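Peer 1: Numbering-wise, the sequence shown is residues 354 to 1362 according to this note's numbering.
Even glycine gets a Cβ: it sits at the ideal position worked out from N, Cα and C.
Quick caveat: nothing in here was measured; it's all calculated off a predicted structure.
First, the structure itself, so that you have it in front of you.
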Amino acid sequence: MADQRQTPWSPALDGKTGKAYWRSLAELLESPELREAAARELPGGGGEPVAVSRRSWLKLLGASMALAGVSGCRSRAADKIVPYVTTPPEVTPGVLRYYATSLDLDGFATGVLVESHEGRPTKIEGNPEHPASLGSTGAYEQASVLGLYDQHRARAARRGHDPATWQAFVQQFGGARSDGGAGLRFVLRPTGSPLVLDLIGRVQARYPAARFTFHAPARSAHPARGAELAFGAPLQAQYDFRTADVILALDADFLASMPFHARYARQFAERRRLGSPTGTMNRLYVIEPGLTSTGSIADHRLRKRPSDVPAIAAAIAAELLLTEGARPGFIPPQALGALEPLRARVSEAERRFARALARDLARGGLASVVVAGERQPPGVHALAHLMNAALRNDRAAWTTAGTLITAGAAEQDLTALAEEIRRGAVDTLVLLENNVVYTAPADLELAALLRSVPSRVYLGLYEDETAAGCDWFVPAAHDLEAWGDARAYDGTTSLVQPLIEPLFQGKTASEVLAVFAGEPPRSARELLRDAWAARRGGADFDAFWEDALRRGLVEGTAAPRENASLRLDGVIAGLAQLAAAAPPPAEAIEVAFSVDASVYDGRFANNPWLLELPDPVTKLTWDNAALVSPETAKALGVESEDVVDLELGGRKISIPVLVAPGHADRTVSLTLGYGRSGAESIAAGVGSDAYRLRAAATPFFAAGVSVTKRPDQKHKLARTQTHFRLEGRPVALSVPLTVYREHPGFTEALKGPQPSLMPAVAAPGTPLKEQWAMTIDLTICTGCSACVVACQAENNVPVVGKEEVLNSREMHWLRIDSYVSSDPRDTAVVHQPMMCQHCEKAPCEYVCPVNATTHSPDGLNEMTYNRCVGTRFCSNNCPYKVRRFNWFDYGELRAFNTGLSRLQRNPDVTVRERGVMEKCTYCVQRIRRAEIAARVEDRPIRPGEVVTACQQACPTQAIQFGSLTHEETAMVAWRGEPRSYAVLHDQGTRPRTMYLARVNNKNPEIEEP
354 MADQRQTPWS PALDGKTGKA YWRSLAELLE SPELREAAAR ELPGGGGEPV AVSRRSWLKL
414 LGASMALAGV SGCRSRAADK IVPYVTTPPE VTPGVLRYYA TSLDLDGFAT GVLVESHEGR
474 PTKIEGNPEH PASLGSTGAY EQASVLGLYD QHRARAARRG HDPATWQAFV QQFGGARSDG
534 GAGLRFVLRP TGSPLVLDLI GRVQARYPAA RFTFHAPARS AHPARGAELA FGAPLQAQYD
594 FRTADVILAL DADFLASMPF HARYARQFAE RRRLGSPTGT MNRLYVIEPG LTSTGSIADH
654 RLRKRPSDVP AIAAAIAAEL LLTEGARPGF IPPQALGALE PLRARVSEAE RRFARALARD
714 LARGGLASVV VAGERQPPGV HALAHLMNAA LRNDRAAWTT AGTLITAGAA EQDLTALAEE
774 IRRGAVDTLV LLENNVVYTA PADLELAALL RSVPSRVYLG LYEDETAAGC DWFVPAAHDL
834 EAWGDARAYD GTTSLVQPLI EPLFQGKTAS EVLAVFAGEP PRSARELLRD AWAARRGGAD
894 FDAFWEDALR RGLVEGTAAP RENASLRLDG VIAGLAQLAA AAPPPAEAIE VAFSVDASVY
954 DGRFANNPWL LELPDPVTKL TWDNAALVSP ETAKALGVES EDVVDLELGG RKISIPVLVA
1014 PGHADRTVSL TLGYGRSGAE SIAAGVGSDA YRLRAAATPF FAAGVSVTKR PDQKHKLART
1074 QTHFRLEGRP VALSVPLTVY REHPGFTEAL KGPQPSLMPA VAAPGTPLKE QWAMTIDLTI
1134 CTGCSACVVA CQAENNVPVV GKEEVLNSRE MHWLRIDSYV SSDPRDTAVV HQPMMCQHCE
1194 KAPCEYVCPV NATTHSPDGL NEMTYNRCVG TRFCSNNCPY KVRRFNWFDY GELRAFNTGL
1254 SRLQRNPDVT VRERGVMEKC TYCVQRIRRA EIAARVEDRP IRPGEVVTAC QQACPTQAIQ
1314 FGSLTHEETA MVAWRGEPRS YAVLHDQGTR PRTMYLARVN NKNPEIEEP
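Below you can see the structure in the form of structure tokens.
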């Protein structure tokens, strides 16, 4: 019987000698059932357990008994299952700790502070000392902490289909090659890392024939080439919008998607916010094809096809230089003549628009600035430099040396690499955190070419499209697990330190490069510290190192200004290139590609927070769509949710239509990053892959796309807002600056006491403690939605999935409502953050039959979850519709909220169950934490001590929170401004959240074309 009981495993050991190790018995036996059981164990699987039959149970029981005998022969260190035996002195359970690090996006670092609960990262905040964040963040940074705990991340290294070790990788690739690296090629993301630059230099010293490619689908070489035309060197444009009174954005979403956008948004808001009717504010002009966050806050916006932007820009430049003469004699006749062919392409109405705009720029002079977007050709960037030079605005616009690293003569682009692979000149291809199979232009056919390379190495977070074609795969460390360095857009060097040990033995790009450089085995930390010790050195290096890690940056490393002189011959050459490009026919339809506000270029496509985040403009979730204007939709005979085939250059995709107000006619806008086919199961099947239409020669926009409607085929689009009209209700108010100055009290009827049968919040004579309230300025809200993700991260808000969003069951405590206040063809948009208003006379409180929603002494509308029985009377009686009901146990029912993602949860906030109502709490946990600290220190709460999650994340500081007793705070001061008002004031709810009406600074000379 003993021999029979050994039958399941003993044959597997026959013929094996010496020590051999397996991760589980299932791996040894090659049993599908045992492999499935092993896959459900942590950390490998996060799915729900499945039912097990009696026969399977007995089989597994026998296997586990056999395993007990096998494991007795193994020597293995015991794993501790408690965090500490002796608590480290710097850790107090329940007390938050913050660590400074940086998050890199396409080579530009944003400094952040990471909240840690006993060694577990749970929340991202901006680093106030870092120039790229100034204490705020964007949606990508907020959601990055969920990406750390993504249970679909790659778990182990492999060679082919077999598990492999890091030591085997080092052994195979660490040895010297005899060909000097002639067939060795590297593909990296753009980076400014001094450490990576140093390691590339070491690889080049060892392999002089190796070549390097830096690829990012969202980044363009056009700005650098435009600067090379204008200045003779690939300089980098820098801006300070605090000094800009008049701004022209040429297809440039500088408030939301360009590098340094969080800083630019803060600077823009500082100059735009009005403190009184007599104050001044900047004026923003935007020319773009599709409505962006920047375009939505513009005072004047011109919707044009991407290919039409150069002609409009040339018309503005000509009016500025000819009519206004910003710098007499500055431009020679031949330069002015170069503008004429482009200027002739614009209509008379557009010329009048350009003339008035140019006059406004000239009046601003030193306080005017022109910004060109990355997808516009180099000539447009050279033209922007020309206009800035003519305005002599070196306080608002200047240049520095580029902050991204290069490989010098050893660098080549992706097209050249593809050609080398076709010729068979590449024998080893190393892809470092770059999913090129998915993101490369479709005409390069890299997916097919990749398999012809004999040795293919991929370092990645996921087993994605590129990993499927590689024979060596190494899991990458998440940014919050990694050591490294990076540079911000202005050149400031930032240090990257981990918050947690790599969950899946991930490696960094620097560690892989060190292997090919022949370096002795060292950790990423040792590589970083040794590189900085060699660079910085000195007896005080340890103090420098500790200070840089503590602050998250190296002081004094910003790139200095370059005193470059404008080269008119280069600008003329750029204008000639623009003029030589024949404009597409008037009836031709263009396609414009852009990164997605949620998933970026696809790297965040498996992040459910971002997939369910409504687009700032369209409010679309869990999908991308072909955006077209109402006029174009009418001409094509399509409407929203119709499925169409888009064909360009012989390549075709199917995608639903979304009719978008404010969109340029004869243009289709597509966002990248969807239609994934890798191992990221959440991203699988979501949206359409727009990369399949991109060509290497036209990566950002192209003419000649055909649109064919699929008969009787619809695709449901999950949008969180489908009605964008105010219908005359005083909800989101907007007025021109001239009207505000003439009638500053236009909101007087929308605030102040209302008759009420309900008792006062505090009885007369009661000592007044802190009374919490919020004020939001709509003039500076860009709708970026960083606050929405920050609220979700702070308050354990679950993800519900597309089907539930279609049923209007999304759970966001904070939403951004966007309202169109004019012609849907040429829209004026107002963004309004809407959350629980914490009404003093709350309609929800007196209808709750179990007293689950009550009013606190400090003015909060509180929810007691364990009292709630789910009658939903409170939601029905709320005029603001800001309460969220748990129709299901989303924390368990939806895979997005289970598994490793539970490690992200904030332990200070209750996780709600099915049948419970929830809503914004003004981050009550932060209020109570501040109260406890003040009580321990025997002092009152300081003004500004309590900061809500949404307020902390907001790049423009449009949200202000505090106590009404702290009269010196901005929150209280804003409420005293004439344009403050309460939403639905006539209901008598007395909301603690007040709004400031949006003010637009229209140019009275402008006649919209």
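1. For residue 741 and residue 750, which I take to be in contact (beta-carbon distance under 8 Å), what is that distance rounded to the nearest angstrom?
2. Look at the Cβ atom of residue 347, then the Cβ atom of residue 652, and state whether they are nearer than 8 Å.
3. DSSP puts residue 1347 in a beta bridge; with which residues?
4. Nearest CA to the CA of residue 1302: which residue from 1273, 1326 and 1294?
5. Give me the Cβ distance between residue 828 and residue 859, rounded to the nearest whole Å; I'm assuming they're in contact under 8 Å.
6. Should residue 1108 be labelled buried (16 or more other beta-carbon atoms within 10 Å of its own) or exposed?
7. Would you list the residues sitting across from residue 478 in a DSSP beta bridge?
8. Jot down the residue ranges of each uninterrupted alpha helix (DSSP H) in the stretch 610 to 679, minimum 4 residues, whole runs only, in chain order.
9. Thinking residue 1190 and residue 1342 are a contact (beta carbons under 8 Å), I'd like their distance in whole angstroms, please.
10. Please determine, among 1267, 537, 1088 and 576, the residue with the shortest C-alpha to C-alpha distance to residue 733.
11. What span of residues does the alpha helix (DSSP H) with residue 863 cover, start to end?
12. Of all the options 1213, 988, 1036 and 1068, which has the alpha carbon lying nearest to the alpha carbon of residue 1025?
13. Which value, in whole angstroms, describes the spacing of the CA atoms of residue 1064 and residue 1019?
14. Taking Cβ to Cβ, would you say residue 1164 is nearer than 8 Å to residue 1216?
15. Let's see if you can read the secondary structure: which residues bound the alpha helix (DSSP H) around residue 306?
16. Can the beta-carbon of residue 456 be found closer than 8 Å to that of residue 758?
17. Taking all protein chains shown into account, do 16 or more other C-beta atoms lie within 10 angstroms of the C-beta of residue 913, making it buried, or fewer, making it exposed?
18. Taking the alpha-carbon positions, what's the residue 766 to residue 567 distance?
19. Quick check on residue 1158: does DSSP put it in helix, strand or coil?
20. Could you check whether residue 1022 and residue 643 sit closer than 8 Å to each other, using their CB atoms as the reference points?
21. Give a yes or no on whether the C-beta atoms belonging to residue 631 and residue 639 are separated by under 8 Å.
22. Quick check: the Cα distance between residue 861 and residue 543, rounded to an integer number of angstroms?
23. Do residue 597 and residue 1311 count as a contact pair if the criterion is CB distance below 8 Å?
24. Is residue 1036 close to chain D, meaning its C-beta is less than 8 Å from at least one C-beta of that chain?
25. Just to confirm, is the Cβ distance from residue 1313 to residue 1143 under 8 Å?
26. What is the residue span of the beta strand (DSSP E) that residue 1390 lies within?
27. Checking 8 Å against the spacing of the C-beta atoms, do residue 1242 and residue 1267 come in under that value?
28. Taking the continuous alpha helix (DSSP H) assigned at residue 1093, which residues delimit it?
29. Can you tell me whether residue 918 is buried or exposed? The criterion is at least 16 other CB atoms within 10 Å of its CB, across all chains shown.
30. Count Cβ pairs between the stretch 920 to 936 and the stretch 688 to 702 that sit closer than 8 Å; are there 3 or more?
31. Where does residue 942 land, buried or exposed, given buried means 16+ other C-beta within 10 angstroms?
32. Which residue wins for smallest C-alpha separation from residue 1307, given the options 587, 522, 553 and 614?
33. Exposed or buried, what is residue 518 when buried is set at 16 or more other beta-carbons lying within 10 Å of its beta-carbon?
34. When you compare only the Cα positions, how much space is there between residue 1233 and residue 1264?
35. Would you be able to state if there are at least three C-beta pairs under 8 Å between the stretch 1026 to 1046 and the stretch 947 to 964?
36. List in chain order: all unbroken beta strand (DSSP E) runs of 3+ residues lying wholly within the stretch 491 to 576.
Peer 2: The structure says:
1. By one-based count along the sequence shown, residue 741 stands at place 388. By one-based count along the sequence shown, residue 750 stands at place 397. That belief holds up - the Cβ atoms of residue 741 and residue 750 are roughly 4 Å apart, short of 8 Å.
2. For residue 347 there is no data in the structure shown, the boundaries of the chain being 354 and 1362.
3. Position 994 of the sequence shown, counted from the first residue, corresponds to residue 1347. 1128.
4. Position 949 of the sequence shown, counted from the first residue, corresponds to residue 1302. Nearest C-alpha to residue 1302: 1273.
5. Within the sequence shown, numbered from 1, the residue matching residue 828 stands at position 475. Within the sequence shown, numbered from 1, the residue matching residue 859 stands at position 506. The Cβ separation is near 5 Å, so the contact holds.
6. Working through the sequence shown from its first residue, we reach residue 1108 at position 755. Result: exposed.
7. As a first step, residue 478 must be located in the sequence shown, where it is residue number 125. Per DSSP, 466.
8. 614 to 625, 646 to 649 and 662 to 671
9. Translated into the one-based positions of the sequence shown, residue 1190 becomes position 837. Translated into the one-based positions of the sequence shown, residue 1342 becomes position 989. At roughly 7 Å, the Cβ-Cβ gap stays under 8 Å, so residue 1190 and residue 1342 are in contact.
10. On the sequence shown, residue 733 is found 380 positions in, with the first residue counted as 1. Looking at the Cα atoms, 576 is the closest of the given residues.
11. Along the sequence shown, one-based indexing puts residue 863 at 510. Run containing residue 863: 862 to 869, per the alpha helix (DSSP H) assignment.
12. As a first step, residue 1025 must be located in the sequence shown, where it is residue number 672. The shortest C-alpha separation from residue 1025 is found at 1036.
13. Mapped onto the sequence shown, residue 1064 falls at position 711. Mapped onto the sequence shown, residue 1019 falls at position 666. Each residue's alpha carbon lies about 21 Å from the other.
14. One-based indexing of the sequence shown puts residue 1164 at position 811. One-based indexing of the sequence shown puts residue 1216 at position 863. No.
15. The shown model of the chain, from 354 to 1362, leaves out residue 306, and the question about it has no answer.
16. Locating residue 456 in the sequence shown gives position 103, where the first residue counts as 1. Locating residue 758 in the sequence shown gives position 405, where the first residue counts as 1. Result no, Cβ atoms of residue 456 and residue 758 do not sit closer than 8 Å.
17. Taking the sequence shown and counting its residues from 1, one reaches residue 913 at position 560. Counting Cβ neighbours within 10 Å, residue 913 comes out exposed, since fewer than 16 surround it.
18. Here residue 766 refers to the residue found at position 413 of the sequence shown. Here residue 567 refers to the residue found at position 214 of the sequence shown. One C-alpha to the other measures close to 7 Å.
19. Translated into the one-based positions of the sequence shown, residue 1158 becomes position 805. Residue 1158 falls in the helix class under three-state DSSP.
20. For this step, residue 643 is matched to residue 290 along the sequence shown. For this step, residue 1022 is matched to residue 669 along the sequence shown. Yes, the pair counts as a contact, with Cβ atoms nearer than the cut-off.
21. Here residue 631 refers to the residue found at position 278 of the sequence shown. Here residue 639 refers to the residue found at position 286 of the sequence shown. Taking 8 Å as the Cβ cut-off, residue 631 and residue 639 do not qualify as a contacting pair.
22. Counted from its first residue, the sequence shown places residue 861 at position 508. Counted from its first residue, the sequence shown places residue 543 at position 190. Between residue 861 and residue 543, the C-alpha separation is close to 15 Å.
23. As a working mapping, residue 1311 is identified with position 958 in the sequence shown. As a working mapping, residue 597 is identified with position 244 in the sequence shown. Against a cut-off of 8 Å, the Cβ pair of residue 597 and residue 1311 comes out as no contact.
24. Looking at the structure shown, chain D is missing, and only one protein chain is on hand.
25. On the sequence shown, position 960 is the one that residue 1313 refers to. On the sequence shown, position 790 is the one that residue 1143 refers to. Contact flag unset, no.
26. An answer regarding residue 1390 cannot be provided, because it is not within the stretch 354 to 1362 covered by the chain.
27. What you label residue 1242 is simply residue 889 of the sequence shown in a count that begins at 1. What you label residue 1267 is simply residue 914 of the sequence shown in a count that begins at 1. Yes.
28. For the purposes of this step, residue 1093 is taken as residue 740 along the sequence shown, with counting starting at 1. It spans 1090 to 1095 - the alpha helix (DSSP H) in which residue 1093 sits, taken as one unbroken run.
29. The count along the sequence shown starts at 1 and reaches residue 918 at position 565. Result: exposed.
30. yes
31. Start at 1 with the first residue of the sequence shown, and residue 942 comes out as number 589. By the 10 Å Cβ count, residue 942 comes out buried.
32. One-based indexing of the sequence shown puts residue 1307 at position 954. Residue 1307 has its Cα closest to that of 614, out of 587, 522, 553 and 614.
33. On the sequence shown, position 165 is the one that residue 518 refers to. Looking at its Cβ environment, which holds fewer than 16 other Cβ atoms inside 10 Å, residue 518 is exposed.
34. Taking the first residue of the sequence shown as 1, we reach residue 1233 at position 880. Taking the first residue of the sequence shown as 1, we reach residue 1264 at position 911. Those two C-alpha atoms are separated by around 24 Å.
35. yes
36. 537 to 541 and 564 to 567
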